[in-house]
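Chemist: Quick note on the numbering used here: the sequence shown kicks off at 242 and runs consecutively.
My questions will all concern the structure given below.
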Amino acid sequence: MINNFVTLINTSSILFFLIVTFIVGSIPFGLIITKLAGYGDIRKIGSGNIGATNVLRTGNKILAFLTLILDILKSFLLLLISKYTFSTILTLDLLNNLYILVSLASVLGHMYSPFLRLKGGKGIATSAGILLFMSYPVLILTASVWVLVAIASKKSSLGALTSSLSSLIFLWSFQQMEKANIINDKFIIHDNELYLFAIIIALIWGKHIPNIIRLLNKSESNIS
Numbered sequence: 242m243i244n245n246f247v248t249l250i251n252t253s254s255i256l257f258f259l260i261v262t263f264i265v266g267s268i269p270f271g272l273i274i275t276k277l278a279g280y281g282d283i284r285k286i287g288s289g290n291i292g293a294t295n296v297l298r299t300g301n302k303i304l305a306f307l308t309l310i311l312d313i314l315k316s317f318l319l320l321l322i323s324k325y326t327f328s329t330i331l332t333l334d335l336l337n338n339l340y341i342l343v344s345l346a347s348v349l350g351h352m353y354s355p356f357l358r359l360k361g362g363k364g365i366a367t368s369a370g371i372l373l374f375m376s377y378p379v380l381i382l383t384a385s386v387w388v389l390v391a392i393a394s395k396k397s398s399l400g401a402l403t404s405s406l407s408s409l410i411f412l413w414s415f416q417q418m419e420k421a422n423i424i425n426d427k428f429i430i431h432d433n434e435l436y437l438f439a440i441i442i443a444l445i446w447g448k449h450i451p452n453i454i455r456l457l458n459k460s461e462s463n464i465s
C-alpha cells in the first residue's frame with residue numbers, strides 16, 4: 242500500500258511538472274519583450290512570427306538575441322530541472338523517457354501557446370535548447386548549418402528547414418560513432434532521442450508550410 246502511494250505521488254509529480262513545462266514553453270517571450278520595448282505587437286511586423294528572427298526585423302539586435310536566449314532556455318532549464326528533480330526516484334530508462342516528454346511538452350507549448358489562442362513560434366530555438374541538453378556538439382554542428390545556409394540564401398526559413406533535418410543526421414552519426422567506440426559514452430544518443438527529433442522535425446516542417454510555399458514561389462522574404 243505504501244509503495245502504491247509513493248508511485249501515485251511520483252506519477253502526480255511528473256504530470257504536474259509536464260503541465261508546468263507546457264505552460265513555461267507557451268510563454269511568448271518575443272511578443273512580451275517587443276511590447277515592453279515599445280515596438281508594439283511583433284505579430285504585426287514582418288512575418289508575424291514571435292521568434293528571434295522576426296524580432297530582428299524591428300531593427301533591435303539586442304531584443305532579438307534576448308528572445309533567442311530565452312526561447313532556448315525554456316526547454317534547456319526545464320530538462321535540467323527534471324534531471325535533478327527526478328533522477329533519485331526514476332530508473333535511467335524512465336528518466337530518459339521523461340526527457341522525451343519534457344522536450345515535447347516544451348516544444349508543443351512554444352508552437353501552440355494557450356496565451357496566443359494555440360498559435361505560437363516555429364520551435365527552432367526551443368529545439369536548440371533540447372540539443373544543448375542532449376548533446377552540445379550536435380547543437381554546434383546544427384547551428385553551423387543554419388548560419389551557413391541562412392547567410393548563403395539570406396532566408397532564415399531555409400536555414401531552419403535545412404538545419405532541422407541535419408540535426409537528425411548528426412544525432413544518428415554520433416550514435417553510430419559511439420557504438421563503434423570512436424567517441425566516448427558522454428555523447429551517447431539513445432534511439433528514443435532519434436525518434437523525438439524525427440517528431441520535432443515533422444512539427445517544425447509543418448509550421449513552415451507557408452514558408453515552404455513562398456520558397457517554392459521565390460517570394461520568401463530575406464533576413465533583415
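For each residue, glycine too, the CB sits at the ideal point set by N, CA and C.
Unbroken alpha helix (DSSP H) runs of length 4 or more, entirely within the segment 264-351: which are they?
Modeler: Segments of the alpha helix (DSSP H) lying fully in the segment 264-351: 270-277, 293-297 and 302-327.
Chemist: Just to confirm my understanding: we take residue 406, look at its own chain, exclude 5 residues before and 5 after, and list those with CB closer than 7 angstroms. What are they?
Modeler: Here the question's residue 406 lines up with position 165 in the sequence shown. 442, listed in sequence order.
Chemist: Starting from residue 448, trace the alpha helix (DSSP H) both ways and give me its first and last residue.
Modeler: Taking the sequence shown and counting its residues from 1, the one referred to as residue 448 is at position 207. Note, residue 448: alpha helix (DSSP H), 432-448.
Chemist: According to DSSP, simplified to helix, strand and coil, what is residue 404?
Modeler: Walking along the sequence shown from the start, residue 404 turns up at place 163. Note: residue 404 maps to helix in three-state DSSP.
Chemist: From residue 395 to residue 330, what distance separates their C-alpha atoms?
Modeler: Along the sequence shown, read from residue 1 onward, the residue named residue 395 stands at position 154. Along the sequence shown, read from residue 1 onward, the residue named residue 330 stands at position 89. In a straight line, the C-alpha of residue 395 is about 48 angstroms away from that of residue 330.
Chemist: Once DSSP output is grouped into helix, strand and coil, what is the label at residue 460?
Modeler: Residue 460 sits at position 219 when you count from the first residue of the sequence shown. Here residue 460 sits in coil by DSSP.
Chemist: Relative to the C-alpha of residue 268, which residue among 464, 279 and 316 is closest?
Modeler: Start at 1 with the first residue of the sequence shown, and residue 268 comes out as number 27. Nearest C-alpha to residue 268: 316.
Chemist: Pop quiz: residue 341 and residue 433 are said to be a contact at Cβ under 8 angstroms. What is the actual Cβ separation, rounded to whole angstroms?
Modeler: The residue labelled residue 341 in the question sits at position 100 within the sequence shown. The residue labelled residue 433 in the question sits at position 192 within the sequence shown. The Cβ separation is near 5 angstroms, so the contact holds.
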